[in-house]
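Heads up, the thing below is written out as structure tokens.
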Amino acid sequence: MCGIVGYIGKRDAFPILVEGLSALEYRGYDSAGVALVNNSGLSVFKDKGKVDHLKEITSDIENATGTKIGIAHTRWATHGAPSYANAHPHLDVNKRIALVHNGIIENYSILKEKLKKEGIEFLSETDSEVLAQLVGKYYDGDLSSAVRRALLEVEGTFGVAVIAFDNPGVIIGARRGSPLVVGVGDDEMLLASDASAIVQHTKKVIYLKDNNLIELKHGFFNTTTLDNRKINPEIHSLDWDANALAKDGFEHFMLKEIFEQPDTIRNAMRGRLLVDDGTARLDGLNLVLQELRAINRLIFVACGTSWHAALVGEYLIEELVGIPVEVEYASEFRYRNPIIDAHTLVFVISQSGETADTLAALREASRKGATVLGICNVVGSSIARETHGGVYLHAGPEIGVASTKAFTSQLTILSLLTLLLGRMRRISHSDGVTIARALEAVPKQVKKILKQNERIREIAGIYAKHNNFLYLGRSYNFPVALEGALKLKEISYVHAEGYPAAEMKHGPIALIDKDMPSVVLALKDSVYDKVLSNIQEVNARGGSVIAIANEGDREIEKYARHVIHIPKTLPLLSPLLSVIPLQLLAYHIAALRDCEIDQPRNLAKSVTVE
Ligand code: M6R
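Letter by letter, the sequence shown follows residues 628 to 1237 of the numbering used here.
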């Protein structure tokens, strides 16, 4: 959501902070600001708007340069609309400390009333300013003690960075429930809410844990718990390079990420797919074969696109492994009283590994004694650290807010999991080999679909002005219909609904007319004929159909106004291919409608609030 950057070292802090904000802008972006410590105290530059606007308003400010320490923030509004006053950094009433905050202070109104009674005036509507005022109140020259005291009074979640007017030698960072990564450079230290703001400066990072506080000094750090016990954190090495954060000639990160999928799917399989044995190895699960065999029920927990991947997982596992699967929205799971026994395995699926609801669901499942495993992209993320084991996607950083390559990598991992569990139960060796070979062929098939980009753009051109879409699919492709609709909604602000094709007649059919196109997944599988009937029902009501069908299918052309052909694979793997044209369709419709594709309004890349 919001993004934090901090820098202390020998170089000018300002350009490093602003560049870091640009790298984080995908997380949240309605305001941006920087605070620096210099000889005259604290300088703050902030406003509502994007980082580019911050750059414009600071282009001729002299005291922005020459300063070696500062903190910065991009905001995604929760408490109070985007405005100058609500933008971070926030100062205390005496302008002695500056603070940036991610997360939510749940008891902020009680604390605010208390502080007001003590005569403290507030300038913003944010919960974060309460924290700034509290730190200011306790500051007597020892910044870490003041931050510690303030944080012990707050309830809720935080990732914070704090500096003081009279101390150009220290930044304090602390976290609970909101990620903070520390970069350990040569005689310099960085702090950020994710590694994308750090990787251009150093690959050595520390993932701060909940209730940890870090003092960053020139080339030195000291980590403690909030109650002041010394910690020696592990220093990790980032395995992605700074180029992963460039658009590489693509107009948007989303398009680049769609085109990366042949590679990212291959990366998800690398070393894990055992074609000759018709199975997979997923060592990160940290479970021995006997433990895997003993499982008789799976629960997948996730949000958004990851939830759609989980739904495909349900179809896969139930059909090929033969054990019951439940797919839960993390936001619901966390407040239900889910039934978990000794043979239930819980999987949380999350690209970012920081989604607040998914994290809370993970903790709830762990509290109930479940073994909780993760399928996650971001190495070192909270979910990766708190699960008992899991599998990384290895998709590289996903910057576009609309998830694309992470979805297909999640599907790949779920297919591998199906092979692994299925071979212990009902998948024979020869069936396993058939599935493994088909999976191996997927990257090339995706590449082939991507060659139709221009044609999909033309189809998008025909429909770009429509304001309502229906997405229909059945069986393995029902979740893909949901995902296609979500992609379109998110980035083009067009209303789209995903439905199981046969459910259409139970309601949505009432919406169909010439202005409501239907995107129908009509692949040659066990439900093909039935989907053809659904297409005819749409036609009979004056609706037009864009069909995703298999290569060589001429029949469908009689019924659908437009057909996008994709290579044939096993039905169970078809979502890996059928989603690609839907990603491209959404992308081009959004581009033709002039939408901000990588940073759609109101959305943030990782939703770290409830
Ligand atoms: O990082 P996560 O996979 O946990 O994120 C879950 C959802 O917030 C995410 O998939 C969201 O729906 C995306 N914007 C979808 O494109």
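Note that the Cβ used here is the ideal one computed from N, Cα and C, for glycine as well.
Inter-residue spacing [alpha-carbon to alpha-carbon] between residue i and residue j
i        : j        : result
Arg-1188 : Leu-1099 : 15 angstroms
Ala-714  : Leu-1077 : 41 angstroms
Leu-1066 : Asn-923  : 25 angstroms
Leu-843  : Phe-960  : 38 angstroms
Ser-1042 : Gly-1001 : 15 angstroms
Ala-1063 : His-1021 : 19 angstroms
Cys-1222 : Asn-1094 : 14 angstroms
Leu-1148 : Pro-1198 : 12 angstroms
Lys-1075 : Phe-672  : 49 angstroms
Ser-670  : Thr-694  : 10 angstroms
Glu-1013 : Lys-1141 : 50 angstroms
Ile-892  : Thr-1039 : 6 angstroms
Tyr-1126 : Trp-934  : 15 angstroms
Gly-1179 : Asn-894  : 30 angstroms
Glu-861  : Ala-937  : 32 angstroms
Arg-990  : Pro-1144 : 42 angstroms
Arg-994  : Gln-1226 : 36 angstroms
Thr-851  : Glu-780  : 18 angstroms
Cys-1003 : Arg-920  : 23 angstroms
Ser-1057 : Tyr-942  : 21 angstroms
Ser-771  : Leu-738  : 20 angstroms
Ser-1242 : Leu-1204 : Any question about residue 1242 goes unanswered here, given that the chain covers just 628 to 1237.
His-1192 : His-828  : 45 angstroms
Ala-873  : Phe-880  : 8 angstroms
Glu-748  : Val-720  : 7 angstroms
Ile-1083 : Leu-840  : 50 angstroms
Buried or exposed (CB count within 10 angstroms, at least 16 for buried), residue i
i        : result
Asp-821  : buried
Pro-965  : buried
Asn-1229 : exposed
Gln-1163 : exposed
Arg-802  : buried
Arg-1101 : buried
Lys-675  : buried
Asn-668  : For the record, residue 668 in the displayed sequence is Gly; it is not Asn. With fewer than 16 other Cβ atoms within 10 Å, it is exposed.
Ala-992  : buried
Tyr-962  : exposed
Asp-968  : exposed
Pro-1202 : buried
Pro-1024 : buried
Lys-847  : Looking at the sequence shown, residue 847 is not Lys but Phe. Result: exposed.
Of the listed residues the options, nearest to residue i (C-alpha basis)
i        : options                                  : result
Gly-836  : Asn-859, Ile-1207 and Leu-972            : The amino acid at residue 836 is misidentified as Gly; the sequence shows Lys. The candidate whose alpha carbon is nearest that of Lys-836 is Asn-859.
Ala-1218 : Gln-1163, Lys-1195 and Ile-1086          : Ile-1086
Lys-831  : Asn-839, Leu-865 and Ser-823             : Leu-865
Ile-698  : Lys-1185, Ile-967, Gly-660 and Lys-1092  : Gly-660
His-1122 : Ile-1216, Asn-1104 and Lys-1185          : Ile-1216
Ile-825  : Leu-919, Gly-630, Lys-874 and Ile-926    : Gly-630
Gly-931  : Gly-996, Val-1154, Ile-1089 and Val-1107 : Val-1107
Val-902  : Cys-1003, Thr-852 and Leu-1046           : Leu-1046
Ala-997  : Val-975, Glu-740 and Ala-1011            : Val-975
Val-1018 : Gly-846, Glu-1124, Asp-854 and Asp-910   : Asp-910
Gly-707  : Val-664, Lys-743, Phe-672 and Ser-751    : Ser-751
Asp-767  : Ala-791, Gly-676, Lys-995 and Glu-780    : Ala-791
Gly-1059 : Leu-900, Thr-829, Val-809 and Lys-739    : Leu-900
His-728  : Glu-683, Pro-1024, Thr-784 and Leu-681   : Thr-784
Val-787  : Glu-780, Ala-759, Ser-772 and Gly-812    : Ala-759
Glu-683  : Asp-984, Met-816 and Val-645             : Val-645
Gly-1027 : Ser-823, Tyr-634 and Val-781             : Ser-823
Ile-696  : Val-781, Gly-636, Asp-719 and Thr-685    : Gly-636
Glu-782  : Val-789, Ser-772, Val-757 and Ser-771    : Val-757
Leu-807  : Ala-819, Glu-748 and Thr-829             : Ala-819
Ser-1153 : Val-809, Tyr-1103 and Arg-1084           : Tyr-1103
Lys-677  : Glu-652, Arg-1181, Val-1234 and Ala-712  : Glu-652
Pro-1194 : Ile-1175, Gln-1210 and Glu-1182          : Ile-1175
### Task
Determine contact between the stretch 1111-1127 and the stretch 1068-1083, defined as no fewer than three beta-carbon pairs at a distance below 8 angstroms.
no
#### Entry: Cβ contact (3+ pairs, closer than 8 angstroms) linking the stretch 755-775 and the stretch 721-733
yes
### Inter-stretch contact at 8 angstroms, needing at least 3 Cβ pairs: the stretch 944-956 / the stretch 907-919
no
### Message
Tell me whether the stretch 646-659 and the stretch 683-703 touch, counting them as touching only if at least three CB pairs, one residue from each stretch, are closer than 8 angstroms.
### Response
yes
### Query
Hey, is the stretch 1126-1143 in contact with the stretch 1040-1052, meaning 3+ C-beta pairs nearer than 8 angstroms?
no
### Query
If you pair each beta-carbon of the stretch 732-746 with each one of the stretch 793-806, do three or more pairs fall below 8 angstroms?
no
### Task
Could you say if the stretch 1179-1188 and the stretch 1198-1214 meet the contact criterion of at least three C-beta pairs nearer than 8 angstroms?
no
### Contact the stretch 868-887 vs the stretch 1027-1034: 3+ CB pairs below 8 angstroms
The stretch 868-887 vs the stretch 1027-1034: in contact.
### Message
With three or more C-beta pairs closer than 8 angstroms as the rule, is the stretch 773-780 touching the stretch 977-987?
### Response
no
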